[in-house]
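>
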Amino acid sequence: MVPPLRSWPCQRSLSRVLVPLLGLALSTAEALAATRPSLVNTRISTPFGSNGHTSSLDGRLFIGNVGEDHATTTTTWRARVFRPEAVTYDAEGKPSFSSAFSTGKTLQVKNGENALAFCFLNPAQPYTLSSGVAVYQPFIFDSMMFNGPNRFRRRTADVRVSQPFTVQAEIASFTTGALEELKTVSGAPIMGIEPTMTSDGRLLLFQGGPLNNGTIDYLMYSYNPTPCAATGWSEPRPLSMMFNDPNPGLKRYPMAWQRMKAATGEDFGDTVAGGNLIRAAYPWVDHEGRNVLYAAVGFTGAAGGRREAMSLIGADTGWIAHHIDGSLNTDRQDIAHLFYSGPMWNFEQERTPSQNFPPGSSNETRYLPVTKTHDVLSLFGSNTADYNEVDLGELLNPFQMLFLPMNEMVTRAGTYDLTRTPDSAGRFYTGTLVGTAQISEKNDVTQPPSGSLWEPHGKGKALVVSGGGAATVNLTDSSSAIPGVGAFVRGFTVQLAIRPDAAINQGCTGNPYRYLLAKPGGLDLIYEANGAVHMSFVINGQRVRLGFSQPLPKGVWTHLAYTWDGVTGQFGEYINGKATGRALPTAPGSFRLGTGTLSIGAGPNLDTQSCPANGEGSFKGYIDEVRFFTNARSNRSICLTTHGADCKEAAIQEEPTGGQFVMNQQHPSCNGLSTLGSQACAVSMHRVCAQRGADDALSSATNFYETLQQVIGNRPPISLLGVPASATSTEVGVACAPIQHQSLGVTFEELARSHAGCTDDRVSMSSDCTAAAHRWCQGLGWTTGMIFEMTSRPWVGCFNSGLIQDVARSQLGPVSNAGSLTSAESRLEVSKWCQARGYGAGVVQEVPSTTTAHVHCFQPAVTQSWKFVP
């Protein structure tokens with residue numbers, strides 16, 4: 004019999020355990036973590052500049068174009084070392100790169116070179132060491148950009164770095180070999196400019212034309228099964244046609260899995276003749292071919308070209324063009340944006356030393372990115388001489404119903420539409436500007452007035468409303484199937500940032516309250532005359548008012564969040580990422596917004612009065628980052644998306660609500676017994692263990708201080724994975740992995756080195772990936788490993804098991820004996836086998852033969868039963 008679901012505050016609450024000890028812990032290891040501000044809205048100058056560049060796979064070698072003589076077709080390339088060891092941080096945690104780039108060495112090449120890309124034959128080892136010198140020997144791909152026909156070539160390169168991996172690292176020598184023109188399988192040249200390549204050396208992306216005739220302005224690709232080869236490339240095709248390319252080798256790249264769409268919801272073209280292809284310039288593809296960064300809009304300045312609206316498209320944007328909102332895109336049409344690249348995860352603080360270059364080195368004190376969320380890209384711009392961070396993790400939350408970043412819409416044709424803002428949640432609930440509302444031209448409106456990174460602020464552009472405008476969203480759902488719109492949900496979260504005008508309501512009489520959000524029959528958020536806000540939800544058909552918040556300051560940014568747990572009826576109010584602790588009503592039940600018009604910045608009837616004495620007025624100021632979720636978010640999740648707020652310490656002390664311990668409230672697809680073998684349930688089990696397991700583990704921990712470090716350290720807090728220990732049709736007993744563990748983000752490229760079958764997201768729960776995680780963890784000194792989370796990469800949890808044995812499948816049970824070791828039923832059989840031997844749960848780690856399984860049994864930190872659905 005599965006025991007009943009326990010309510011959250013059962014034995015010792017997490018806050019009661021943490022409060023006496025946080026001061027001690029935060030004074031040590033957490034002191035470093037506390038100095039990691041959000042940089043997604045902060046552009047940082049660097050001494051690295053050039054007209055186009057490429058960077059090595061380890062992120063330490065840069066080569067850029069620093070001079071061109073068109074008369075002699077001579078280009079000067081400068082090779083420089085990026086020295087993360089020389090990055091410094093100010094008191095707020097902001098990095099400085101003033102000494103991070105070496106002076107370098109120059110080389111003149113004489114064939115019209117411009118943009119270039121590295122290609123490494125062995126991406127796992129981009130350099131060798133010889134007598135204390137790091138030797139890089141990549142191919143360099145480029146095209147004859149000026150005084151030439153835009154034909155791609157390759158050449159060998161030899162770049163040697165003296166005193167590598169130190170603050171004195173410098174280029175010792177830089178030479179290149181002979182040119183070879185690239186040829187397709189038909190012998191034709193590849194014509195285009197601005198090459199970029201995946202780490203495996205097989206996928207080439209570039210700006211070119213759909214007919215491969217030297218024209219440009221389109222995002223193109225070519226594939227070769229032989230890395231870095233000069234011949235054998237596929238005939239170039241537009242990137243939007245990659246999804247229907249019959250070449251099976253392309254399916255190794257996640258960006259090829261689905262058809263690509265514009266932010267408007269329109270498909271990009273799937274044939275050359277049909278048009279509507281992706282117009283783009285200056286692409287940079289990430290190492291695994293998940294996403295590509297590119298300039299999407301034409302630049303109106305003297306430089307001309309497509310040099311505006313840096314955007315991403317690929318698997319981690321839902322194959323939808325995502326116009327980046329943040330520091331990377333500066334004020335509209337102010338400077339030309341071109342040529343960015345990044346080191347991916349190589350300098351992450353959280354990486355284990357075995358993942359680093361050189362192996363065994365630590366990123367603990369010198370790290371990039373600085374922003375502390377799971378999937379942040381570090382990007383260096385050469386023509387802009389800057390460093391920026393872009394958060395990928397905010398895009399694909401399965402509960403995200405609406406996300407209006409309040410920046411400009413980029414159309415399928417590659418132009419700005421300043422009357423609309425995109426829905427980054429991927430549902431295409433586009434915001435349309437009405438009345439006097441505008442999207443800000445400049446980013447300065449979202450900066451903190453004090454300039455401090457630890458003052459709450461917005462991100463990128465913002466909605467500007469002056470008392471007579473709004474952004475409206477037409478919520479449609481013809482089949483009543485979209486959670487939170489036509490379909491009822493058992494949890495909901497509203498997040499937004501606001502900056503009231505300093506003079507709002509000045510000189511006004513009466514009760515001039517104003518709408519921030521209004522959806523008749525669903526919810527409303529009112530800015531009251533005294534500067535407080537007042538949130539209301541319609542629960543079970545009845546309006547539930549939460550009452551006035553504390554008055555908010557004017558002329559500065561405040562982040563607001565409201566959560567509702569339909570299981571317990573509990574509401575939460577958060578200001579700048581911290582729970583206000585205000586007494587709020589309770590209302591268990593169900594909720595939906597309903598179809599119709601959602602208004603942001605005004606009520607259902609647009610009011611243009613400067614002083615609405617009788618209320619129902621329109622807001623004056625700025626609104627940014629409007630996000631709706633169809634679950635009750637945790638305080639920590641809210642904190643991580645509250646830019647500029649120092650809220651982590653408070654967030655980890657906030658007790659989750661009971662509804663957060665329902666499996667489908669952690670991932671909507673973990674909703675029944677048959678789903679227990681899915682990635683969705685692995686995620687759900689991890690997340691309930693990460694919250695509830697922390698409490699129970701701390702309650703019984705024998706090494707309190709060491710256990711506490713797992714909760715609040717720089718690695719994901721208490722990243723316990725979960726394993727099904729027992730189940731009924733309505734509940735699952737989850738065994739949370741031992742409290743002493745290690746969790747880390749890896750890439751499928753790294754995992755595939757341990758098991759070739761662990762290639763990508765689609766097989767993350769396969770026996771191949773379990774074996775890869777097992778071997779990966781063994782290399783770190785642990786016995787057992789499992790993938791417990793998927794973001795833009797897999798996350799592996801490592802721990803030690805007590806019993807390790809090759810077991811005949813027939814002993815495990817009928818489902819395991821039939822060969823389905825990854826199914827829900829087999830996983831339960833394995834745990835039952837381990838329980839019969841005195842352990843709490845177990846997992847299969849390897850498949851030695853068709854008749855045996857390599858089983859690991861362990862004692863969980865805690866085993867708890869939770870419902871699949873409320």
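All you need for this note's numbering is the position in the sequence shown, starting with 1, plus 3.
Here a beta-carbon is modelled for each residue, glycine too, at the ideal position from N, C-alpha and C.
Here the structure is a predicted model, which means the values were calculated and not measured.
Tell me, which residues are paired with Leu-499 by DSSP?
Taking the sequence shown and counting its residues from 1, one reaches residue 499 at position 496. DSSP, once it has assigned bridges, lists Leu-563 as partnering Leu-499.
> Could you say which of Asn-543, Val-541, Lys-557 and Pro-523 lies nearest to Glu-531 if we only look at CA atoms?
Against the sequence shown, residue 531 aligns to sequence position 528. It is Lys-557 whose Cα lies nearest to the Cα of Glu-531.
> Strictly by DSSP, which residues pair up with Lys-870?
Taking the sequence shown and counting its residues from 1, one reaches residue 870 at position 867. According to DSSP, which records beta bridges pairwise, Lys-870 is partnered with Glu-734.
> Rounded to the nearest angstrom, how far is the Cβ of Leu-119 from that of Gly-55, given a contact under 8 Å?
Along the sequence shown, one-based indexing puts residue 119 at 116. Along the sequence shown, one-based indexing puts residue 55 at 52. 7 Å between Cβ atoms; contact.
> Can you list, in chain order, the residues of its chain with a C-beta nearer than 6 Å to that of Cys-684? Leave out the 5 residues immediately preceding and following it.
Here residue 684 refers to the residue found at position 681 when the sequence shown is read from its first residue. Within the same chain, Cys-684 has close Cβ partners Cys-673 and Thr-678.
> Find the nearest neighbour of Ile-193 within the set Thr-159, Pro-152 and Pro-554, judged by alpha-carbon distance.
In the sequence shown, counting from the first residue as 1, residue 193 sits at position 190. For Ile-193, the nearest C-alpha among the options comes from Pro-152.
> Measure from the alpha carbon of Pro-141 to the alpha carbon of each residue in Asn-667, Met-148, Trp-260 and Gln-128, then state which is nearest.
Reading the sequence shown from its first residue, position 138 is the one you call residue 141. Per the Cα distances, Gln-128.
> Among Ala-730, Phe-632 and Ala-266, which one has its Cα closest to the Cα of Asn-400?
Your numbering for residue 400 matches position 397 in the sequence shown. Among Ala-730, Phe-632 and Ala-266, the Cα nearest to that of Asn-400 belongs to Phe-632.
> With DSSP as the reference, identify every bridge partner of Gln-573, one or two as the case may be.
For the purposes of this step, residue 573 is identified with residue 570 of the sequence shown, where counting begins at 1. Gln-573 pairs with Thr-589.
> Measure the Cβ-Cβ separation of Arg-46 and Gly-96 and say whether it is below 7 Å.
Taking the first residue of the sequence shown as 1, we reach residue 46 at position 43. Taking the first residue of the sequence shown as 1, we reach residue 96 at position 93. No, these two residues do not count as a Cβ contact at 7 Å.
> Look up Thr-2 in the DSSP assignment and say whether it is helix, strand or coil.
Outside the shown range of the chain, which is 4 to 873, sits residue 2, and nothing can be said about it.
> First and last residue of the beta strand (DSSP E) that includes Glu-792?
Working through the sequence shown from its first residue, we reach residue 792 at position 789. From DSSP, the beta strand (DSSP E) with Glu-792 extends over 787-793.
> So, does the stretch 255-266 touch the stretch 172-188, judging by three or more C-beta pairs under 8 Å?
Result no; under three Cβ-Cβ pairs closer than 8 Å.
> Check whether the Cβ atoms of Phe-168 and Pro-361 lie closer than 7 Å to each other.
Along the sequence shown, one-based indexing puts residue 168 at 165. Along the sequence shown, one-based indexing puts residue 361 at 358. Yes; because the gap between Cβ atoms is below 7 Å, this pair is in contact.
> Tell me whether Thr-853 sits in a helix, a strand or coil according to DSSP, three-state version.
Within the sequence shown, residue 853 is the residue found at index 850, counting from 1. Thr-853: coil per DSSP, three-state reduction.
> Going by the beta-carbon positions, is the gap between Gly-572 and Pro-591 smaller than 7 Å?
Start at 1 with the first residue of the sequence shown, and residue 572 comes out as number 569. Start at 1 with the first residue of the sequence shown, and residue 591 comes out as number 588. Yes, these two residues count as a Cβ contact at 7 Å.
> Considering only the alpha carbon of each residue, which of Val-467, Met-313 and Thr-333 lies closest to Ala-324?
Here residue 324 refers to the residue found at position 321 when the sequence shown is read from its first residue. Answer by Cα proximity: Met-313.
> From the DSSP output, which residues share a beta bridge with Arg-293?
Position 290 of the sequence shown holds residue 293. According to DSSP, which records beta bridges pairwise, Arg-293 is partnered with nothing at all.
> What do you get for Glu-709, buried or exposed, if any count of 16 or more other CB atoms within 10 angstroms of its CB means buried?
Counted from its first residue, the sequence shown places residue 709 at position 706. With a pLDDT of 48 at Glu-709, under the threshold of 50, the modelled position of that residue is not reliable, and the figure given next carries that caveat. Classification for Glu-709: exposed.
> Ignore the nearest five residues each way along the sequence and tell me which others in Cys-650's own chain have a CB closer than 7 Å to its CB.
Within the sequence shown, residue 650 is the residue found at index 647, counting from 1. For Cys-650, where only same-chain residues beyond five positions count, the Cβ hits under 7 Å are Asn-579, Gly-580, Lys-581 and Cys-642.
> Leaving out five residues before and five after Ala-276 in sequence, what residues of the same chain have Cβ atoms less than 6 Å from its Cβ?
In the sequence shown, residue 276 corresponds to position 273, counting from 1. No residues qualify anywhere along the chain.
> To the nearest angstrom, how far is it from the Cα of Ala-776 to the Cα of Thr-786?
The residue given as residue 776 occupies position 773 in the sequence shown. The residue given as residue 786 occupies position 783 in the sequence shown. Those two C-alpha atoms are separated by around 10 Å.
> In the DSSP output, which residue or residues are listed as bridge partners for His-859?
Position 856 of the sequence shown, counted from the start, is the residue given in the question as residue 859. His-859 is bridged to Ile-807 and Val-846.
> CB His-758 to CB Ser-804, shorter than 7 Å?
Residue mapping note: residue 758 aligns to position 755 of the sequence shown, counting from 1. Residue mapping note: residue 804 aligns to position 801 of the sequence shown, counting from 1. Not in contact: His-758 and Ser-804 (Cβ atoms no closer than 7 Å).
> Exposed or buried, which one is Thr-866 when buried takes at least 16 other CB atoms within 10 Å?
Here residue 866 corresponds to residue number 863 of the sequence shown, with the count starting at 1. Thr-866 should be labelled buried.
> Assuming Ile-626 contacts Leu-499 (C-beta within less than 8 Å), just tell me the rounded distance between them.
Residue mapping note: residue 626 aligns to position 623 of the sequence shown, counting from 1. Residue mapping note: residue 499 aligns to position 496 of the sequence shown, counting from 1. Rounded, the Cβ-Cβ distance is 6 Å, consistent with contact.
> Can you check whether the CB of Asp-527 is closer than 7 Å to the CB of Ala-535?
The residue labelled residue 535 in the question sits at position 532 within the sequence shown. The residue labelled residue 527 in the question sits at position 524 within the sequence shown. No, these two residues do not count as a Cβ contact at 7 Å.
> Measuring alpha carbon to alpha carbon, tell me which residue in Gly-843, Gln-545 and Gln-745 is nearest Gln-862.
To locate residue 862, count along the sequence shown from 1; it is residue 859. Per the Cα distances, Gly-843.
> Assign Gly-840 to buried or exposed, taking buried as 16 or more other Cβ atoms, counted over all protein chains shown, within 10 Å of its Cβ.
Residue 840 sits at position 837 when you count from the first residue of the sequence shown. Reading the sequence as shown, one finds Arg at residue 840 and not Gly. That one is exposed.
> Evaluate Leu-421 with the Cβ neighbour count: other Cβ atoms within 10 Å of its Cβ, from every protein chain shown; 16 or more gives buried, anything less gives exposed.
On the sequence shown, position 418 is the one that residue 421 refers to. Its Cβ having fewer than 16 others within 10 Å, Leu-421 is exposed.
> Label Arg-690 either buried or exposed according to how many other C-beta atoms from any shown protein chain fall within 10 Å of its C-beta, with 16 as the threshold for buried.
As a working note, residue 690 is residue 687 in the sequence shown. Label assigned to Arg-690: buried.
> According to DSSP, simplified to helix, strand and coil, what is Ala-685?
Working through the sequence shown from its first residue, we reach residue 685 at position 682. Ala-685 falls in the helix class under three-state DSSP.
> Grab the span of the beta strand (DSSP E) containing Gly-800 for me, first residue to last.
As a first step, residue 800 is located in the sequence shown; it is residue number 797 there, counting from the start. Its beta strand (DSSP E) spans residues 797-802.
> State the CB to CB distance for the pair Ala-428 and Met-404, rounded to an integer number of angstroms; the pair is presumed to be in contact (CB under 8 Å).
Here residue 428 refers to the residue found at position 425 when the sequence shown is read from its first residue. Here residue 404 refers to the residue found at position 401 when the sequence shown is read from its first residue. Rounded, the Cβ-Cβ distance is 6 Å, consistent with contact.
> Which residues mark the beginning and the end of the beta strand (DSSP E) in which Asn-68 is found?
By 1-based counting over the sequence shown, the position of residue 68 is 65. Run containing Asn-68: 64-72, per the beta strand (DSSP E) assignment.
> Between Ser-637 and the rest of its own chain, which residues show a CB-CB distance below 6 Å, the 5 nearest in sequence each way excluded?
For the purposes of this step, residue 637 is taken as the residue at position 634 of the sequence shown. If we look at Ser-637 and ignore the five residues flanking it on each side, its Cβ neighbours are Pro-659.
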